[in-house]
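Input: a single structure, listed below in structure tokens.
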Amino acid sequence: DPTLESLVRGAMPSPGDVTFVVVEHSYAEKARVLQEIGSEREGWRSKGVEVVGLSMDARADVVVVLADEGASPGLLARRYGDLIRVVPSSAVPTDKLPDGSTLPPLQR
Numbered sequence: 046d047p048t049l050e051s052l053v054r055g056a057m058p059s060p061g062d063v064t065f066v067v068v069e070h071s072y073a074e075k076a077r078v079l080q081e082i083g084s085e086r087e088g089w090r091s092k093g094v095e096v097v098g099l100s101m102d103a104r105a106d107v108v109v110v111l112a113d114e115g116a117s118p119g120l121l122a123r124r125y126g127d128l129i130r131v132v133p134s135s136a137v138p139t140d141k142l143p144d145g146s147t148l149p150p151l152q153r
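First residue of the sequence shown: 46, per this note's numbering; consecutive thereafter.
Put into structure tokens, the structure is as follows:
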């Protein structure tokens, strides 16, 4: 909508402060999928998928799903396609630091 774009650009300190892009998935569609995955966590768990976290990435036009897919890799992607991006994440903390080293033993 050119009128809306003009109004928003006019409200910015500099017209270049805002960029409009055409996205494939609407905000409502992403919000619906985010809500759906969140409300079906138990169902996903029964299929071997532990949903650890959810967020919406408007710039990438996807719902980001932090998940441990265990023995079912790709199950979420097959269900939701390019509307989601699965980021592998463990529901259980590992004993390793990000650089691969381990924590020193606790001293008493």
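Note that beta-carbon positions come from the ideal geometry of N, C-alpha and C, so glycine has one too.
- Is the segment 93 to 103 in contact with the segment 65 to 83, if contact means three or more CB pairs nearer than 8 angstroms? With the rule of 3 Cβ pairs closer than 8 angstroms, the segment 93 to 103 counts as touching the segment 65 to 83.
- Sort A112, R123, V68 by Cα distance to P133 and report the nearest one. Among A112, R123, V68, the Cα nearest to that of P133 is on A112.
- Query: Which residue or residues does DSSP assign as beta-bridge partners of E95?
  - Reply: Partner(s): D113.
- For the alpha helix (DSSP H) holding G54, just list the boundary residues, first then last. At residue 54 the sequence reads Arg, which differs from the Gly that was named. Note, R54: alpha helix (DSSP H), 47 to 56.
- Item | Where S84 falls: helix, strand or coil (DSSP) | S84 carries a helical assignment under DSSP once its states are collapsed to helix, strand and coil.
- For the alpha helix (DSSP H) holding R123, just list the boundary residues, first then last. For R123, the enclosing alpha helix (DSSP H) begins and ends at 120 to 125.
- Would you mind reading off the limits of the beta strand (DSSP E) that contains P133? Unbroken beta strand (DSSP E) run through P133: 129 to 133.
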